[in-house]
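J.: Numbering (the working numbering), first residue to last: 8 to 223.
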Ligand code: C5P
């Protein structure tokens, strides 16, 4: 491996990119950053101070204060925080502040796996590997429902599906850094694929790139 190696993973909410990112980071001994948590941290700060989510200057201040080493997944994983994150994620100035931090993280040896919405297109356009992980909205909604039920919760499938479709529209429709596959991304559709199969497919892509480099 060169001094830093970057794997960029993008895709919509619930496609399985987080699990895939973790497996790849473990396997290739790379640092791991779930960039969604950085947007969630900004949204969470505004919610904590009861500030409206369209207060751009407060969101910028919160973005500057985000410490990548202190992102608390337990607090930030709440569904409402994800919704709020997608609202503050439309502001270009907020994105710029977070993207700088994410790039610094990616540049730290030995390199990193970053997952999000704009990693291959904006944050790390020079990434060694780009993956775009997707799954149908119905499959993602079914997975989310199973996840909620597995921890004893209840939820309504139609509402979850509507939520997912709304979040996709917001993430794909925004003017700055919309969610889309980079031109050179490998597409992984996990609708009919278990996460283990997705991991094996991703590993084959990474190993192929590494083997070619070693030959060159
Ligand atoms: O992936 P996660 O659900 O944690 O992301 C929350 C929200 O943060 C997304 O819906 C998206 O609007 C925003 N986000 C983004 N760019 C990223 C990561 C997340 O705009 N790289």
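Built from N, CA and C at the ideal position, the CB exists for glycine as well. Quick caveat: nothing in here was measured; it's all calculated off a predicted structure.
Could you name each continuous beta strand (DSSP E) segment of 3 residues or more that falls completely within the segment 62 to 132, going from the start of the chain to the end?
T.: 118 to 123
J.: May I ask you to verify whether the segment 180 to 189 touches the segment 127 to 142, counting CB pairs closer than 8 Å and requiring at least 3?
T.: yes
J.: By a C-beta neighbour count over all protein chains shown, 10 Å radius and 16 as the cutoff for buried, is residue 167 buried or exposed?
T.: buried
J.: Is the beta carbon of residue 136 less than 8 Å from the beta carbon of residue 14?
T.: In contact: residue 136 and residue 14 (Cβ atoms closer than 8 Å).
J.: Could you pull out every residue in the same chain whose Cβ sits closer than 7 Å to the Cβ of residue 25, ignoring the five residues on either side in sequence?
T.: 41, 122
J.: With residue 51 as the anchor, note down where its alpha helix (DSSP H) starts and where it stops.
T.: 43 to 55
J.: Counting C-beta neighbours from all protein chains within 10 Å, is the total for residue 80 16 or more, i.e. buried, or is it exposed?
T.: Its Cβ having fewer than 16 others within 10 Å, residue 80 is exposed.
J.: Taking 7 Å as the cut-off, does the CB of residue 54 come closer than this to any heavy atom belonging to ligand 1?
T.: no
J.: Starting from residue 142, trace the beta strand (DSSP E) both ways and give me its first and last residue.
T.: No beta strand (DSSP E) contains residue 142, which DSSP labels as neither H nor E.
J.: Starting from residue 136, follow its DSSP beta bridges and name the residues at the other end.
T.: 14
J.: What residues in its chain sit with their C-beta under 7 Å from that of residue 18, if we drop five residues either side in the sequence?
T.: 24, 139, 140, 141
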